[in-house]
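Numbering (the numbering used here), first residue to last: 35 to 408.
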């Protein structure tokens with residue numbers, strides 16, 4: 035157990051790091067008009083609260099450390115990576131879900147999340163989970179555009195969308211739900227093995243990015259897969275109770291998928307004039323923490339804070355669940371999703387990576403020569 039002094043030093047170090055990043059934003063990072071988010075539970079700030087599904091985080095202990103200490107629908111004890119990114123880019127402090135009926139005009143102007151926990155690029159993934167597919171998220175975005183036009187007018191709406199930071203984070207559920215844990219794709223379509231299914235998902239991703247582009251989006255963060263084999267629930271599914279070790283085969287699959295995505299993005303960008311596609315490295319940002327958890331103040335990285343930490347997520351993580359005494363010492367809050375403390379570091383690593391690209395002007399970022407950041 036870390037001492038109180040060490041925890042205080044760690045907390046202050048994190049705050050100082052984010053203060054430095056915010057100070058750099060005015061001179062180093064481009065200015066975005068809004069943030070638009072698509073994907074799964076990693077970036078769902080509460081849309082699933084408004085649909086009928088078991089994939090919800092609308093109960094305690096989710097949100098226990100969020101502002102106001104209430105469950106927002108985020109699958110964490112507090113903020114998500116996207117909340118920290120929105121803050122670091124000077125857009126807003128938290129990103130609300132689009133389905134929230136109480137959205138203000140300013141919420142619409144500065145951006146929302148269309149993400150839905152349990153979804154993926156494969157429509158079958160969303161069908162199994164009974165959640166909002168990525169195709170439906172595009173339809174929600176179209177509704178959003180019309181609402182934005184009603185608030186600011188057509189020309190200003192076009193400018194806002196053109197200058198928005200778009201984040202796409204999906205794919206994990208496709209492999210976890212459809213291939214590893216409930217191998218429906220393998221059983222029903224023998225044409226799929228891991229390499230061919232990766233290509234299928236990347237084909238779906240390509241269609242999705244093109245649809246966003248056709249609706250006016252120009253600057254997009256496209257995330258790769260995290261180290262899926264290090265998720266506590268995946269270790270449990272493979273009977274890795276003790277000792278708990280990451281599943282190298284699944285991690286290898288993630289790395290291979292990511293390599294294909296890195297190779298795809300430059301080709302895709304050449305087809306989308308005036309776009310900038312940034313490869314968001316979910317694998318290495320999380321691996322930095324998992325490989326050396328103590329370096330970042332964590333004492334537990336193999337199980338979640340909620341319940342046993344081996345299996346609990348969604349409705350299985352609830353007010354009856356036992357909790358760890360200090361969430362800041364855990365990388366994972368439930369058996370799948372990170373704690374706010376871990377997400378702070380992941381966001382800082384992504385910003386660090388972004389800064390390393392030497393993107394200093396808004397115009398060059400949006401309308402300069404095509405280049406993919408990775």
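Glycine included, C-beta positions come from ideal geometry on N, C-alpha and C.
At the C-beta level, residue 142 and residue 182 come within 7 angstroms of one another.
Between the alpha carbons of residue 341 and residue 98 lies a gap of roughly 14 angstroms.
In this model, residue 185 and residue 193 are separated by some 13 angstroms (Cα to Cα).
Look at residue 256 here: in three-state DSSP terms it is strand. Bounds of the alpha helix (DSSP H) holding residue 178 are 168–186. Per DSSP, the unbroken beta strand (DSSP E) holding residue 337 starts and ends at 334–338. Note that the segment 256–276 touches the segment 341–359; at least 3 beta-carbon pairs, one per stretch, sit closer than 8 angstroms. Under the Cβ criterion (8 angstroms, minimum of three pairs), the segment 197–206 counts as touching the segment 235–244. When only Cα atoms are considered, residue 180 and residue 269 end up about 44 angstroms apart. Excluding five sequence positions before and after residue 371, the CB atoms of its chain that fall closer than 6 angstroms to its own CB belong to 109 and 110, given in chain order.
Taking the Cα of residue 200 as reference, the smallest distance to any Cα among 132, 309, 71 and 378 is reached at 71.
Just so you know, the alpha carbons of residue 282 and residue 264 end up roughly 8 angstroms apart.
In its chain, beyond the 5 residues on either side, 323 and 379 have a beta carbon closer than 7 angstroms to the beta carbon of residue 330.
About 6 angstroms separates the Cβ atoms of residue 153 and residue 159, confirming a contact at the 8 angstroms cut-off. Per DSSP, the unbroken beta strand (DSSP E) holding residue 312 starts and ends at 310–314. Contact annotation, residue 133 with residue 84: C-beta distance approximately 4 angstroms; criterion of less than 8 angstroms satisfied. Rounded to whole angstroms, residue 261 and residue 177 show a C-alpha spacing of 34 angstroms.
Looking at the DSSP output, residue 69 bridges to 199.
The DSSP-derived three-state label of residue 365 is strand. Judged by DSSP in its simplified three-state form, residue 130 adopts coil rather than helix or strand. Residues 212 of the same chain have their beta carbon placed closer than 6 angstroms to that of residue 218, with the five preceding and five following residues left out of the count.
Cβ contact annotation for residue 80 (same chain, cutoff 7 angstroms, sequence separation greater than five): 106, 107, 108, 131 and 134, in chain order.
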